[in-house]
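Residue numbers (the working numbering), protein chains in the order written: chain L, 67 to 363; chain H, 570 to 835. Positions of the beta carbon are idealized from the N, C-alpha and C atoms, including for glycine. The structure appears right after this line, and notes come after that.
Structural data, given as structure tokens:
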């Protein structure tokens with residue numbers, strides 16, 4: 067087994083399931099696990115070397131966007147890996163923005179001045195909002211780069227400044243990975259809000275995510291959800307009841323689990339994936355316990 | 570047996586009263602002057618402003634046809650939060666203050682009445698088949714912002730509702746989109762709080778039957794200073810009062826999509 071690969075649990079027997087309710091969010095797993103960073107807590111163990119989930123070809127992404135429009139999708143998300151490494155991302159964003167509000171999850175490291183100009187032009191031309199979510203794990207460069215790699219903080223913060231200067235109001239996305247080392251009273255939210263305001267970001271937007279024992283932090287034998295735990299809980303409230311993810315090797319119900327055999331719902335056809343999703347993975351337990359959403363709000 | 574649907578010629582529609590009885594009175598007077606057949610409120614009577622119980626007699630006196638919003642549903646069912654679904658701790662902090670204030674000052678009779686309100690209403694405006702809701706036809710607290718609501722989704726809502734025109738509120742900012750073939754979606758705006766444009770005016774909508782649907786957004790000027798002073802006297806947050814005076818939203822910003830957020834001050 068290669069270092070950094072997620073544990074490929076495929077045993078879905080006896081796992082509870084979530085119903086399919088509607089297609090609210092389409093996720094485009096654009097670059098698979100190809101990334102220029104190699105963060106210690108990466109949800110799908112992305113990195114620069116030999117990605118275990120290959121990037122998506124532009125044609126499959128286009129077909130999924132067109133199909134999703136027909137199916138009444140409300141939001142489209144681009145993720146990876148690092149989506150801005152994909153050579154077709156600008157054209158795909160343009161298509162996506164003609165269909166629905168569109169969000170890109172990025173580490174910000176390749177958002178140059180020129181790319182920020184391009185994104186601003188795309189956003190201006192579109193009826194729907196373009197949301198750029200820039201990942202940062204701490205306001206302190208050293209603490210951040212310990213998780214995300216040398217130089218990651220400076221590049222991500224530069225991207226936030228560039229986007230902000232063009233009125234693109236980026237959403238800074240942070241995990242709680244560093245929180246245990248911090249003792250300030252305000253917590254992660256207040257720390258980032260103060261930091262962004264001090265950076266001149268007058269409209270600070272933040273999304274704080276819990277740490278998931280998945281991807282690079284996954285260990286075999288993690289606790290899983292059971293029907294007993296879910297008794298009395300409305301499973302239609304789970305994100306996977308309204309989410310589908312198109313990846314290079316099929317369609318999934320969860321952006322965190324894309325590429326994992328036990329989570330695969332169909333080959334490439336969105337409508338064929340409109341069936342119950344197995345809640346077999348330890349990440350499903352975290353999602354249920356925290357009530358978190360991968361969507362913007 | 571087919572559903573009985575009332576037909577109108579010209580109607581006034583608003584949402585989000587947010588305890589603002591002063592703006593409500595002004596809106597109702599303005600709508601009457603504009604010769605409407607009926608006045609509709611798409612819900613969210615409480616929150617934000619002062620003296621919740623002052624709103625109810627006005628609605629009854631003017632025969633306003635009211636739908637249930639998420640705030641109304643929460644108040645009626647005794648929930649501990651407004652059901653807006655915020656995750657941002659700052660938004661939740663202010664939402665909690667607003668909800669606890671409103672809950673404690675809304676009489677049990679008025680709360681019970683909120684529980685009797687319908688969630689949808691269908692009517693005809695001339696030939697146009699109208700469906701009204703608070704958030705969206707499928708979810709009471711779904712945000713339909715102009716920049717985050719695909720036309721494909723709106724058409725799907727209309728197909729399912731067998732309607733030509735969708736009217737909603739909940740977000741606090743008005744918009745209208747013609748969807749082709751006589752189909753329209755209109756977020757009618759709110760009258761309880763300005764819409765984050767730097768002016769203290771609030772907005773409602775007049776819809777008029779005709780070969781083409783008439784959609785007119787109407788600004789309402791009201792005694793902002795009296796409301797602001799009442800809010801201060803009630804100990805409501807200075808951030809809320811600032812919004813009333815300046816027209817810029819200072820709280821509950823989390824759900825604003827990029828385009829709407831970029832247009833605001835905060």
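Straight-line CA distance for residue i to residue j?
i	j	result
residue 704 (chain H)	residue 221 (chain L)	39 Å
residue 140 (chain L)	residue 708 (chain H)	13 Å
residue 718 (chain H)	residue 601 (chain H)	32 Å
residue 793 (chain H)	residue 672 (chain H)	23 Å
residue 137 (chain L)	residue 738 (chain H)	24 Å
residue 807 (chain H)	residue 232 (chain L)	30 Å
residue 654 (chain H)	residue 202 (chain L)	24 Å
residue 119 (chain L)	residue 822 (chain H)	36 Å
residue 214 (chain L)	residue 112 (chain L)	12 Å
residue 734 (chain H)	residue 774 (chain H)	13 Å
residue 362 (chain L)	residue 604 (chain H)	43 Å
residue 829 (chain H)	residue 287 (chain L)	45 Å
State buried or exposed for residue i, treating a residue as buried only when at least 16 other CB atoms are found within 10 Å of its CB.
i	result
residue 749 (chain H)	exposed
residue 167 (chain L)	buried
residue 715 (chain H)	buried
residue 299 (chain L)	exposed
residue 657 (chain H)	buried
residue 680 (chain H)	buried
residue 355 (chain L)	exposed
residue 68 (chain L)	Its pLDDT being 45, under 50, residue 68 (chain L) is placed unreliably by the model, and the measurement read from it follows with that caveat. When all chains shown are included, residue 68 (chain L) counts as exposed.
residue 360 (chain L)	buried
residue 249 (chain L)	exposed
residue 349 (chain L)	buried
residue 798 (chain H)	exposed
residue 51 (chain L)	What the structure shows of chain L is the stretch from 67 to 363, and residue 51 (chain L) is not part of that stretch, so it cannot be assessed.
residue 49 (chain L)	For chain L, the structure presents residues 67 to 363; residue 49 (chain L) sits outside this window and is missing.
residue 95 (chain L)	buried
residue 284 (chain L)	buried
residue 162 (chain L)	buried
residue 316 (chain L)	buried
residue 565 (chain H)	The question about residue 565 (chain H) has no answer, for chain H in this structure spans 570 to 835.
residue 106 (chain L)	exposed
residue 157 (chain L)	exposed
residue 270 (chain L)	buried
residue 292 (chain L)	exposed
Within 8 Å of any Cβ in chain H, is that where the Cβ of residue i sits?
i	result
residue 165 (chain L)	yes
residue 143 (chain L)	no
residue 69 (chain L)	Its pLDDT being 45, under 50, residue 69 (chain L) is placed unreliably by the model, and the measurement read from it follows with that caveat. So no, residue 69 (chain L) is outside the interface.
residue 195 (chain L)	yes
residue 330 (chain L)	no
residue 363 (chain L)	yes
residue 205 (chain L)	no
residue 271 (chain L)	yes
residue 135 (chain L)	yes
residue 268 (chain L)	yes
residue 298 (chain L)	no
residue 138 (chain L)	yes
residue 317 (chain L)	no
residue 235 (chain L)	yes
Report yes or no: is there a C-beta of chain L within less than 8 Å of the C-beta of residue i?
i	result
residue 663 (chain H)	no
residue 835 (chain H)	yes
residue 816 (chain H)	no
residue 837 (chain H)	Since the first residue shown for chain H is 570 and the last is 835, residue 837 (chain H) is missing from the structure and cannot be characterised.
residue 791 (chain H)	no
residue 646 (chain H)	no
residue 748 (chain H)	no
residue 629 (chain H)	no
residue 656 (chain H)	yes
residue 643 (chain H)	no
residue 830 (chain H)	yes
residue 803 (chain H)	no
residue 719 (chain H)	yes
residue 639 (chain H)	no
Give me the DSSP bridge partner(s) of residue i.
i	result
residue 788 (chain H)	H:772
residue 95 (chain L)	L:145
residue 576 (chain H)	H:693
residue 714 (chain H)	Per DSSP, none; premise fails for residue 714 (chain H).
residue 112 (chain L)	Residue 112 (chain L) is not bridged to any residue.
Can you find a heavy atom of the ligand SAH that lies under 7 Å from the Cβ of residue i?
i	result
residue 206 (chain L)	In terms of ligand content, the structure shown is empty, and the ligand SAH therefore cannot be addressed.
Legend entry - the stretch 572–580 of chain H / the stretch 692–699 of chain H touching (three or more Cβ pairs under 8 Å): yes
Legend entry - Contact between the stretch 782–793 of chain H and the stretch 753–766 of chain H (3+ Cβ pairs under 8 Å): With the cut-off at 8 Å, the stretch 782–793 of chain H and the stretch 753–766 of chain H touch.
Inset, instruction - Would you be able to state if there are at least three C-beta pairs under 8 Å between the stretch 324–341 of chain L and the stretch 307–314 of chain L? - result: yes
Inset, instruction - Tell me, please, whether the stretch 78–92 of chain L touches the stretch 274–284 of chain L by the rule of three or more beta-carbon pairs shorter than 8 Å. - result: no
Inset, instruction - Could you say if the stretch 630–638 of chain H and the stretch 225–244 of chain L meet the contact criterion of at least three C-beta pairs nearer than 8 Å? - result: no
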